[in-house]
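Mapped onto this note's numbering, the consecutive letters of the sequence shown carry residue numbers 3 to 550. Ideal Cβ positions, reconstructed from N, Cα and C, are used throughout, including at glycine. Since the structure is predicted, the reported quantities are computational estimates derived from the model, not experimental observations. Worksheet: one structure, shown below.
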Amino acid sequence: MQVATGKSVMNGIAIGKIKVYRAPDLEIRNELSEDPEGELEKFERAREKAIEQQNLLYEKAVVDAGEDSAEVFSVHAMMLEDDDLLDATKEIILKQKHCAEYAVKVAFDNQAKVFSEMEDPYMKERAADIYDIEQAVLNILFGVDPESMQGKEPAILAARDLTPSETVRLDKSLLLGIITKQGSLNSHTAILARSMGIPALVQCDAASEDWDGKEAIIDGYNSCAYIEPTPDLRKTLKKKQDVDLKQRALLQELKGKENTTIDGRTIQVYANIGGPSDIGLVQQNDAGGVGLFRSEFVYLNSKDYPTEEEQFRAYRHAVETLAPKRVIIRTCDIGADKQVDYMNMPKEDNPALGVRAIRICLSRREFFKTQLRALLRASAFGNLGIMFPMIISRRELRECKELLRECTEELLAKDIRVGSYETGIMVETPAAVMIADELAAECDFLSIGTNDLTQYTLAIDRQNAGLDPFLDTHHPAILREIRMTIEAGHRHGAWVGICGELGADLALTETFLRMGIDELSVNPVSVLPLRKIIRGIDLSRETAEAEL
């Protein structure tokens with residue numbers, strides 16, 4: 003038996019034979035063409051088909067993994083229309099008279115190299131996206147069907163790495179688990195696997211083509227894989243897998259029940275979503291509302307600035323469909339690792355500390371007011387909360403509220419109905435924590451964004467996998483900041499929630515409840531497991547909790 007270690011994407015057990023996923027070996031010859039115009043036409047047909055494929059993959063990924071995970075395919079489709087990339091490819095075909103396959107290989111590889119040499123971790127990762135769309139175009143040019151490479155039997159798929167396109171194309175009914183030699187816990191493949199509930203192991207250095215056809219077990223709890231496991235080990239882990247399946251079934255019995263502790267305290271459990279297409283996941287998992295609607299995906303999914311009417315339709319659909327449940331929509335959080343070409347943002351050496359989120363909105367007020375008017379119009383159709391991200395001062399908050407007032411007056415002057423709504427902010431910087439009393443005095447609620455709060459407090463870039471050994475999401479400083487924010491909010495009558503990843507960390511649920519948290523907003527699939535934990539907590543019981 004061989005034991006191979008890696009990084010586990012999610013807890014879970016996968017048992018089955020390994021199928022090694024081999025990308026096609028395409029032989030690309032450096033040959034000149036006597037018909038450059040014909041080669042260009044061939045490339046354009048392949049490119050258009052590749053764009054169509056990416057759009058279909060987006061639709062499939064939305065169903066399988068939610069809109070956040072699917073967004074990469076919209077980015078791929080836009081990349082295939084990038085002028086620089088197209089011009090470089092056309093020059094190789096028309097001026098250098100190479101065949102379409104060679105031109106794609108050279109032009110796309112050069113573009114990927116540019117990204118890979120950038121210092122910004124987010125931009126570095128875009129190199130993988132270029133290679134992904136390059137493979138898509140080459141597959142079409144060579145007549146390769148990627149879906150045929152998975153095989154027809156249920157299996158654990160092993161690969162050097164899997165691109166987002168390859169992951170989404172996989173037949174989920176035949177996919178028992180995934181093992182990759184490369185990748186990271188924040189890679190698109192890891193996010194997709196986690197969203198689809200598939201046990202996966204990344205950065206497994208021992209992964210080998212020799213494993214093809216061998217029996218294996220992925221043990222997500224211990225971050226390892228057993229190749230040709232002993233009968234006793236297989237029997238033990240099969241029992242663990244059966245227990246997991248029974249627990250999932252039992253969770254379904256919690257639908258319709260309250261998030262109430264043994265001693266009678268009830269808190270709200272909401273869901274984080276990326277757009278209207280995720281509303282079904284909110285309902286399916288019985289979330290009490292939406293604690294974070296990431297409105298930036300309305301911008302990321304558009305090739306130009308979305309109009310007020312387009313935004314209004316998206317927000318109204320969410321608010322109206324889920325009424326009377328509360329839907330909290332975060333205003334545009336573009337910037338840092340979320341870039342939109344048509345906004346023409348200047349390149350920054352450190353975008354995480356640059357012009358992002360509310361800083362963009364307050365710098366481009368008419369742009370911001372378009373969104374605020376759409377939100378205010380949607381407020382007439384349900385229970386809306388408007389949340390401002392990256393607020394670090396009372397001045398910023400007051401400017402946002404003043405713009406809301408201006409937009410309300412503009413709408414009412416046109417006899418357009420505006421409903422009631424709550425206003426709040428995301429607390430995601432140490433600065434916001436330190437002045438939480440001042441901010442809470444002017445808000446209905448505070449929502450703690452633990453992802454950025456952790457990044458800014460610990461001075462650790464959350465996109466940099468190389469810093470994983472130094473990242474402590476349970477760091478005492480983070481927990482103290484959460485407690486301070488809750489206490490400040492309550493002193494001023496504001497309710498306080500958590501909408502970052504820590505909200506779904508079940509090891510901290512009781513800690514948060516004892517701190518007095520009012521709401522936890524998590525990935526939809528985490529709602530029922532969180533409810534189960536809450537219903538088993540007795541806050542009347544004294545604990546030896548360390549002072550935070």
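8 Å contact criterion, which residue i and residue j should meet: CB distance rounded
{"i": "Val420", "j": "Ala359", "result": "Not a contact, Cβ separation roughly 24 Å."}
{"i": "Gly499", "j": "Gly293", "result": "6 Å"}
{"i": "Ala273", "j": "Val64", "result": "Not quite, the Cβ-Cβ distance comes to about 16 Å (not below 8 Å), so this is no contact."}
{"i": "Glu310", "j": "Arg375", "result": "5 Å"}
{"i": "Thr452", "j": "Ile480", "result": "7 Å"}
{"i": "Arg296", "j": "Arg332", "result": "6 Å"}
{"i": "Arg250", "j": "Val139", "result": "The Cβ separation is near 40 Å, so there is no contact."}
{"i": "Arg396", "j": "Leu460", "result": "That pair is no contact at about 26 Å."}
{"i": "Gln205", "j": "Lys9", "result": "5 Å"}
{"i": "Gly521", "j": "Gln270", "result": "Here the sequence assigns Glu to residue 521, which means Gly is not the residue at that position. Indeed they touch by this definition, with Cβ atoms about 4 Å apart."}
{"i": "Asp265", "j": "Ser449", "result": "Not confirmed; about 25 Å, so no contact."}
{"i": "Thr511", "j": "Ser225", "result": "Between Ser225 and Thr511 the Cβ distance is about 23 Å, and since that is not below 8 Å, they are no contact."}
{"i": "Asp131", "j": "Met80", "result": "Going by Cβ atoms, the distance from Asp131 to Met80 rounds to 10 Å, so no, they are not a contact pair."}
{"i": "Leu469", "j": "Asp463", "result": "6 Å"}
{"i": "Lys107", "j": "Pro38", "result": "That belief does not hold up - the Cβ atoms of Lys107 and Pro38 are roughly 17 Å apart, past 8 Å."}
{"i": "Thr263", "j": "Arg537", "result": "7 Å"}
Opening and closing residue of the alpha helix (DSSP H) in which residue i lies
{"i": "Tyr608", "result": "What the structure shows of the chain is the stretch from 3 to 550, and residue 608 is not part of that stretch, so it cannot be assessed."}
{"i": "Val108", "result": "102–118"}
{"i": "Ser365", "result": "360–365"}
{"i": "Ala415", "result": "396–415"}
{"i": "Tyr317", "result": "310–324"}
{"i": "Thr232", "result": "Thr232 -> no alpha helix (DSSP H), and no H or E assigned at all."}
{"i": "Pro531", "result": "529–537"}
First through last residue of the beta strand (DSSP E) which encompasses residue i
{"i": "Arg328", "result": "328–332"}
{"i": "Ser186", "result": "Premise fails: Ser186 is in no beta strand (DSSP E) and is neither H nor E."}
{"i": "Phe562", "result": "Because the chain spans 3 through 550 in this model, residue 562 falls outside it and cannot be assessed."}
{"i": "Gly145", "result": "No beta strand (DSSP E) contains Gly145, which DSSP labels as neither H nor E."}
{"i": "Ile158", "result": "157–161"}
{"i": "Ala16", "result": "15–22"}
{"i": "Leu203", "result": "202–204"}
{"i": "Asp221", "result": "217–221"}
{"i": "Glu521", "result": "521–524"}
{"i": "Ile275", "result": "270–275"}
{"i": "Met389", "result": "385–390"}
{"i": "Thr263", "result": "Segment: none, Thr263 is in no beta strand (DSSP E) and carries neither H nor E."}
{"i": "Ile500", "result": "497–500"}
{"i": "Gln4", "result": "4–7"}
6 Å CB neighbourhood of residue i in its chain, flanking five on each side removed
{"i": "Val146", "result": "Pro26"}
{"i": "Ala195", "result": "Val11, Ile180, Ala202"}
{"i": "Leu239", "result": "Ile15, Ile219"}
{"i": "His494", "result": "Ala442, Ala443"}
{"i": "Ile135", "result": "His78, Met81, Leu82"}
Sequence-distant residues of its chain with Cβ nearer than 7 Å to residue i (five each side left out)
{"i": "Asp446", "result": "Glu424, Thr425, Gly426, Ala496"}
{"i": "Glu298", "result": "Cys334, Asp335, Ile336, Lys340"}
{"i": "Thr410", "result": "Leu378, Val420"}
{"i": "Ser118", "result": "Lys126, Ala129"}
{"i": "Val284", "result": "Ala273, Ile275, Val292, Leu324, Pro526"}
{"i": "Phe314", "result": "Ala376, Arg379, Ala380"}
{"i": "Cys101", "result": "Glu33, Ser35, Glu41"}
{"i": "Val529", "result": "Val271, Ala273, Asn287, Asp288, Ala289"}
Status (buried if at least 16 other CB within 10 Å, exposed otherwise) for residue i
{"i": "Arg47", "result": "exposed"}
{"i": "Gln254", "result": "exposed"}
{"i": "Pro156", "result": "exposed"}
{"i": "His78", "result": "buried"}
{"i": "Arg171", "result": "buried"}
{"i": "Leu247", "result": "exposed"}
{"i": "Leu34", "result": "exposed"}
{"i": "Tyr344", "result": "exposed"}
{"i": "Asn385", "result": "buried"}
{"i": "Val329", "result": "buried"}
{"i": "Ala509", "result": "exposed"}
{"i": "Pro348", "result": "exposed"}
{"i": "Ala434", "result": "buried"}
{"i": "Arg533", "result": "buried"}
{"i": "Asp474", "result": "exposed"}
{"i": "Met392", "result": "buried"}
{"i": "Thr2", "result": "Shown here, the chain extends from 3 to 550; a query on residue 2 therefore has no answer."}
{"i": "Glu549", "result": "Confidence at Glu549 is low in this model, with a pLDDT of 48, below 50, so its placement is unreliable and the value that follows should be read with caution. With fewer than 16 Cβ atoms within 10 Å of its Cβ, Glu549 is classed as exposed."}
{"i": "Pro233", "result": "exposed"}
{"i": "Gly505", "result": "buried"}
{"i": "Ser186", "result": "buried"}
Cβ shell of residue i (< 8 Å), same chain only, five flanking positions each side left out
{"i": "Tyr23", "result": "Met151, Gln152, Leu159, Ala160, Ala161, Leu164, Glu168"}
{"i": "Ile418", "result": "Arg379"}
Subject >> Secondary structure, beta strand (DSSP E): runs of 3+ residues fully inside the stretch 425–494 >> reply: 447–450
**OP:** Taking only runs that begin and end inside the stretch 26–110, name each unbroken alpha helix (DSSP H) of 4 or more residues, in chain order.
**Re:** For the stretch 26–110, the continuous alpha helix (DSSP H) assignments of 4+ residues that do not extend past its boundaries occur at 38–67, 69–81, 85–96, in sequence order.
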